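For the sequence shown, the positions run 1 to 103 when the numbering used here is used.
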Amino acid sequence: ILTMVKLARIQTSSPLHGKSPLLTIQIPSSSFLSTEVQSYFTENDIPPSEPHYINISSIASSASVFLSLGADALAKAHALIEKATSPDASLTSPFVSRHVIFH
């Protein structure tokens, strides 16, 4: 269970959208429960403490907006985290492709 998360604003580059900042939650490798994802980390020598990011821009555009939304924003972020770090998560799933940014 994640009791504390770190919000981070990262810059991405997309052929369709150019450079765009994303509001994310930083999650360590060790939080991902999927065997497939953990195998990817092992094969690529990615340590358990290495940060990865879950895009929460669909919830809020900035940390201040996220915090102002209170419990509703936290519940939505928790749902995204649970799905992204679930044992059933797959590197090729559309959800992971849209919401998880592996470092």
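The beta carbon of each residue, even a glycine, is placed where N, CA and C say it ideally should be.
Everything numeric in this text was worked out from a predicted model, so none of it was measured.
Here P94 carries a helix assignment [DSSP, helix/strand/coil]. In the three-state reduction of the DSSP assignment, T24 falls in the strand class.
Going by DSSP, I54 is part of the beta strand (DSSP E) stretching over P51 to N55. With fewer than 16 other beta carbons inside 10 angstroms of its own, F95 counts as exposed. Taking the Cα positions, H52 is about 5 angstroms away from F102.
Per DSSP, reduced to three states, the secondary structure at I81 is helical. Each residue's CA atom was taken as its position, placing P28 and V65 some 24 angstroms apart. If you draw a straight line from the Cα of H99 to the Cα of K76, it is about 13 angstroms long. According to DSSP, residue pairing for K6 in a beta bridge involves Q26.
Rounded to the nearest whole angstrom, the C-alpha separation of E36 and A79 is 20 angstroms.
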